[in-house]
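Novice: Let me give you the structure first, and then I'll get to my questions.
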Amino acid sequence: MSSTRILRIATRAQPSAIFRSNGLRSFTPRVAPTMSATSASCFSTTSRSLAEPDKDGQEAAHHEESFEEFTARYEKEFDQVQDVFELQRNLNNAFAYDLVPSPSVVIAALKAARRVNDFPTAVRIFEGIKAKVENRGQYDQYLEELKPLREELGVSLKEDLYPEAK
Numbered sequence: 002m003s004s005t006r007i008l009r010i011a012t013r014a015q016p017s018a019i020f021r022s023n024g025l026r027s028f029t030p031r032v033a034p035t036m037s038a039t040s041a042s043c044f045s046t047t048s049r050s051l052a053e054p055d056k057d058g059q060e061a062a063h064h065e066e067s068f069e070e071f072t073a074r075y076e077k078e079f080d081q082v083q084d085v086f087e088l089q090r091n092l093n094n095a096f097a098y099d100l101v102p103s104p105s106v107v108i109a110a111l112k113a114a115r116r117v118n119d120f121p122t123a124v125r126i127f128e129g130i131k132a133k134v135e136n137r138g139q140y141d142q143y144l145e146e147l148k149p150l151r152e153e154l155g156v157s158l159k160e161d162l163y164p165e166a167k
């Protein structure tokens, strides 16, 4: 018997059939397990909210976070960062929103990057700000406000590290 034929038989057969001595498959009918009445009530084909409405009549699951709540939450998240993975995950989450993080969030992120000794991520934070702001003037305002911290931590900008050839 050729090795190709053995391979074909092995791939077509069920794993338990390969190791049987007689090579015959047993054709016992298999019955699907039935669900009890309590487990069936947990499933539904309609979309129904499990959240209770709050005092304004809006569901708690759809609470919109204010900018101040966002800022406080991410400042707290960056203060608790212990490794590079947490830092980068929090940065990805913070920059995923349709807003530019406040300077206080950026300060907390830069301090977290220094705490975990991650210089490249600190440089990338400024690249993220540059991509998120609407114009160059806003980016310059961020740079001006964060300049003392940048100098203290020794964080360079990408523009300083890799000046474009003109």
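With the numbering used here applied, the sequence shown covers 2 to 167.
We treat Cβ as the ideally placed atom computed from N, Cα and C, and that holds for glycine.
(1) Could you work out which residue in Val106, Asn94, Glu69 is closest to Asp80 when comparing CA atoms only?
(2) Can you say whether Pro102 is buried or exposed, counting buried as having 16 or more other CB atoms within 10 angstroms of its CB?
(3) How many angstroms separate the CA atom of Arg1 from the CA atom of Phe86?
(4) Given a cut-off of 9 Å, decide if Leu144 and Leu158 are closer than it, judged by their beta-carbon atoms.
(5) What does the alpha-carbon distance come out to for the pair Ala110 and Ile126?
(6) Which value, in whole angstroms, describes the spacing of the CA atoms of Leu154 and Phe120?
(7) When the Cα of Glu160 is compared with those of Pro149, Glu128, Glu146, which residue comes out closest?
(8) For Asn104, which residues from the same chain have a beta carbon less than 6 Å from its beta carbon, with the 5 sequence-adjacent residues on both sides left out?
(9) Quick one: what does DSSP say Ser50 is sitting in, helix, strand or coil?
(10) Helix, strand or coil: which one does DSSP assign to Arg6?
(11) Might you give, ordered along the chain, the residues of its own chain that have their beta carbon closer than 6 Å to the beta carbon of Lys133, omitting 5 neighbours on each side?
(12) Measure the Cβ-Cβ separation of Thr122 and Leu150 and say whether it is below 9 Å.
(13) Once the 5 residues before and after Glu78 are set aside, which same chain residues still bring their CB inside 7 Å of it?
(14) For a test of the three-state rule: what should DSSP assign to Val156, helix, strand or coil?
(15) Can you tell me where the alpha helix (DSSP H) holding Ser105 begins and where it ends?
(16) Under a three-way DSSP split, which group does His64 fall into?
Specialist: In short:
(1) Counting from 1 along the sequence shown, the entry for residue 80 is found at position 79. Asp80 has its Cα closest to that of Val106, out of Val106, Asn94, Glu69.
(2) Position 101 of the sequence shown holds residue 102. With 16 or more Cβ atoms within 10 Å of its Cβ, Pro102 is classed as buried.
(3) Look at the range of the chain in this structure, 2 to 167, and you will see that residue 1 is not part of it.
(4) Residue numbering aside, residue 158 sits at position 157 when the sequence shown is read from its first letter. Residue numbering aside, residue 144 sits at position 143 when the sequence shown is read from its first letter. Cβ distance < 9 Å, so Leu158 and Leu144 count as in contact.
(5) In the sequence shown, residue 110 corresponds to position 109, counting from 1. In the sequence shown, residue 126 corresponds to position 125, counting from 1. The straight-line gap from Cα to Cα measures roughly 8 Å.
(6) The residue you call residue 154 lines up with position 153 of the sequence shown. The residue you call residue 120 lines up with position 119 of the sequence shown. So the two alpha carbons sit approximately 9 Å from each other.
(7) In the sequence shown, the residue the question calls residue 160 occupies position 159. The shortest Cα separation from Glu160 among Pro149, Glu128, Glu146 belongs to Glu128.
(8) Working through the sequence shown from its first residue, we reach residue 104 at position 103. First, the residue type needs correcting, since residue 104 is Pro and not Asn in the sequence shown. If we look at Pro104 and ignore the five residues flanking it on each side, its Cβ neighbours are Glu146.
(9) For the purposes of this step, residue 50 is identified with residue 49 of the sequence shown, where counting begins at 1. In this prediction, Ser50 scores a pLDDT of 48, lower than 50, which makes its location untrustworthy; no coordinate-derived value is stated.
(10) Along the sequence shown, one-based indexing puts residue 6 at 5. Arg6: helix per DSSP, three-state reduction.
(11) Stepping through the sequence shown from its first residue, residue 133 is reached at position 132. So the list reads Val101, once near-sequence residues are dropped.
(12) Taking the first residue of the sequence shown as 1, we reach residue 122 at position 121. Taking the first residue of the sequence shown as 1, we reach residue 150 at position 149. Contact flag unset, no.
(13) In the sequence shown, the residue the question calls residue 78 occupies position 77. Correct list, in chain order: Asn91.
(14) Translated into the one-based positions of the sequence shown, residue 156 becomes position 155. DSSP places Val156 in coil when its eight states are reduced to three.
(15) On the sequence shown, residue 105 is found 104 positions in, with the first residue counted as 1. Run containing Ser105: 104 to 116, per the alpha helix (DSSP H) assignment.
(16) Sequence index remark: in the sequence shown, residue 64 carries index 63 (1-based). Correct three-state label for His64: coil.
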